[in-house]
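Participant: For the sequence shown, position 253 (counting from the first letter as 1) is numbered 253 according to the UniProt record's numbering, and the numbering increases by one without interruption. For glycine and all other residues, C-beta sits at the position ideal for the given N, C-alpha and C. One structure, pasted below without further comment.
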Amino acid sequence: MSNEGAIGESTAKRVGSHYVLDDVLGRGSMGTVWRGHDLNNGSACAIKILNPSLTTDKGATRRFIDERDILMSVDDDAVVRVTDMVVESSTFAIVMELIDGPDLARVLKTLPDHRLEQRTAVSLGIEVCQALCAIHRAGIRHLDIKPANILVEDSENVRGARITDFGVSEMVALHGPREIAGTPYYQAPEVAAGWTPTAASDLYSFGATLYEMLAGHVPFLADSAGNLLRNQPPQFISGIEPRLWKTVLTCLSPDPSQRPDSAEVLASELRSRLSGGQPVRLVRPRPRPARPVPQPRPMSQPVRPRSAPSAMSGAAAAQTPSATPVAAHQRGKGWGIALLTVLMLAGTGMFFYLKGIPGSHSDAAPQSAQARILTPEARPTRTVTAHATVTAVSYPIQIQLPGGAVECGQGSWIANPRTPCSLALEVVQSVPANHPASFAVDARDSRTGKSRHFSCSTVGQYVDCGSQDLEVYLVIPER
């Protein structure tokens, strides 16, 4: 047998005075998790043993002990419970309750296309959000939410989520900041860029996990150099319900302030997806003045983002204010509410809104671009916060959009499920960066395979593009 955690045949595979190791359940960078049992009462347990190579590393042993402290501070059925800790000689072990079920990553691998049915994914997502509620209330940021760290008690019906592996987690008041070593595919961009993580960082990781449950793959892939390609929105998930797609994109916003206000709000929104009820407001309007960006936390290789004003609230501001990382603006066209297109030297941001026109007389398809412009007085509006990027500095901008808009990505929006997000994204891709006052674009409708022609005209702050029962609004914010 290998010398896992300084445990071998010579010690009869014992840990401490009364724990026995039976089978390996999994291995990670920090340690190995075993199925074991307690000699005192015969009960089964899970035992995580720190890798022998790390037992002389003060940072690693501190994190290992921190994990025990963190787990013991959260009293919730959705979080794996710690029952004991063993520290003797060169052995560090955490004894936990045994969850008799696979992790979500293994469950997904066994499914066709490695994806869950939407209702199942949403139900499991609610359970994960409920666990995050308890974790965040305890002042903890998990920082490594991903399928491999979500145990599933009922693997047949894919329910009973239990959060585990707090090896890279942080307590708000515990030891101060440190370099975070989460999983890149699920790690929030501000954490990757070196900013102090917040509860919103966990919501990003949850969004990446929810995306994988629905799509069968992670939202962002890496290039040949191993860099995540975050400068484009994630690929649209075919067949997804529009409001659920909006929820996914809101979680994956590069700007922490544009993610859901809290895990509670996110759980409520997902419940409305199951019940067919009215959606909740994921992100509150942010009319307050911009605040200075905090200094990044120390790292072994410091990241030096440029200062930028940032309006923050909700989950992102409940702990330490954080700004949009520069890494999110380094390449290509930005996406979502949080990012606007950088237009060469002018640095003009553009925000797109795609709207399906209902059959009422006030919304009938007009005959001219001028007639299609809807002023705030003509119908209910909603205020969103976008960012215009000028010379790599991001500024929050308040924008009025027609009420009921649902985001599709890349700054595109739809008003009802009859308008596919795929067409919205085609329209966005077709708009030239330096367009004249009047122009036309063609966008392919994937439903019919045919091209739809949009006539566009600039009217004040708006560029209005119309095609029969569809309208696209480009909003050019003032700076």
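1) Could you tell me if Thr-209 is buried or exposed, where buried requires 16 or more neighbouring beta carbons within 10 angstroms of its beta carbon?
2) For the alpha helix (DSSP H) that Phe-439 lies in, which residues bound it at each end?
3) Rounded to the nearest angstrom, what separates His-435 and Gly-139 at their Cα positions?
4) Could you check the C-alpha separation between Gln-258 and Lys-146 for me, to the nearest Å?
5) Using beta-carbon positions only, say whether Leu-25 and Arg-35 come within less than 8 Å of one another.
6) Should the stretch 117-130 be called in touch with the stretch 39-58, which here means at least 3 C-beta pairs below 8 Å?
7) Nearest CA to the CA of Cys-129: which residue from Asp-261, Ser-457 and Glu-407?
8) How far does the alpha helix (DSSP H) with Trp-245 in it extend, from its first residue to its last?
9) Provide the residue(s) that pair with Gly-26 in DSSP beta bridges, ordered along the chain.
10) Is Asp-202 closer than 8 Å to Leu-143 when the C-beta atoms are compared?
11) Between which two residues does the alpha helix (DSSP H) harbouring Phe-206 extend?
12) Are Met-127 and Ala-161 touching if we call contact CB-CB under 8 Å?
13) Take Thr-196 as the anchor and find which of Val-248, Ile-163, Pro-256 and Pro-184 has the nearest alpha-carbon.
14) Leu-50 lies in the beta strand (DSSP E); which residues open and close that run?
15) DSSP three-state label for Glu-127, please.
16) What is the DSSP secondary structure of His-136, counted as helix, strand or coil?
17) For Ser-368, I'd like the list of residues in its chain whose CB is within less than 6 Å of its CB, leaving aside the five on either flank, ordered along the chain.
18) If you drop the 5 nearest sequence neighbours on each side, which residues of the same chain put their C-beta closer than 6 Å to that of Thr-83?
19) For the alpha helix (DSSP H) that contains Thr-61, what are its first and last residues?
20) Do you know whose CA, among Arg-447, Ser-446, Gly-449 and Ala-440, lies nearest Glu-471's CA?
21) Thinking C-alpha only, which one of Pro-189, His-18 and Glu-97 is nearest Gly-44?
22) Could you tell me whether the Cβ atoms of Thr-265 and Tyr-211 are closer together than 8 Å?
23) Taking only the alpha-carbon atoms, compute the straight-line gap between Cys-465 and Arg-27 and give it to the nearest angstrom.
24) Between which two residues does the beta strand (DSSP E) holding Glu-88 run?
25) Run the CB neighbour count on Leu-221, radius 10 Å, all protein chains shown included, and call it buried at 16 or more, exposed below.
26) Going by C-alpha distance, which of Ala-200, Ile-65 and Phe-454 is nearest Ser-253?
27) Should Leu-124 be labelled buried (16 or more other beta-carbon atoms within 10 Å of its own) or exposed?
28) Drop a sphere of 10 angstroms on the beta-carbon of Leu-50, count the other beta-carbons inside from all chains shown, and report buried for 16 or more, exposed for fewer.
29) Go through its chain and collect everything with a Cβ distance to Tyr-186's Cβ below 7 Å, but skip five positions before and after it.
30) Secondary structure at Ala-193, three-state DSSP: helix, strand or coil?
31) Using 8 Å for Cβ pairs, my map puts Ala-437 next to Val-427. What's the rounded Cβ distance?
32) Contact criterion: CB-CB distance below 8 Å. Does Phe-206 meet it with respect to chain D?
33) Less than 8 Å between the CB atoms is what I'm expecting for Leu-425 and Phe-236, so what's the real figure, rounded?
34) What number of angstroms, rounded off, separates the C-alpha of Gln-468 from the C-alpha of Ala-263?
35) For Arg-115, does the three-state DSSP call read helix, strand or coil?
36) Looking at the strands, I want to know which residues DSSP matches up with Arg-162.
Facilitator: Considering the structure as presented:
1) buried
2) Segment 438-445 is the beta strand (DSSP E) holding Phe-439; no alpha helix (DSSP H) there.
3) 48 Å
4) 21 Å
5) yes
6) no
7) Asp-261
8) 242-251
9) Val-33
10) yes
11) 199-215
12) It is worth fixing the name first, because residue 127 is Glu in this sequence and not Met. Yes, the Cβ-Cβ distance between Glu-127 and Ala-161 is below 8 Å.
13) Pro-256
14) 44-50
15) helix
16) helix
17) Here Ser-368 scores only 33 on pLDDT, less than 50, and its place in the model is too uncertain to base an answer on.
18) Val-95
19) 58-73
20) Ala-440
21) The sequence shown places Ala at residue 44, not Gly. The shortest C-alpha separation from Ala-44 is found at Glu-97.
22) Per the sequence shown, the amino acid found at residue 265 is Val instead of Thr. Not closer than 8 Å, so no.
23) 54 Å
24) 82-88
25) exposed
26) Ala-200
27) buried
28) buried
29) Ile-145, Lys-146, Ser-205, Ala-208 and Thr-209
30) coil
31) Not confirmed; about 18 Å, so no contact.
32) The chain inventory of the structure shown lacks chain D, comprising one protein chain alone.
33) 6 Å
34) 40 Å
35) coil
36) Leu-151
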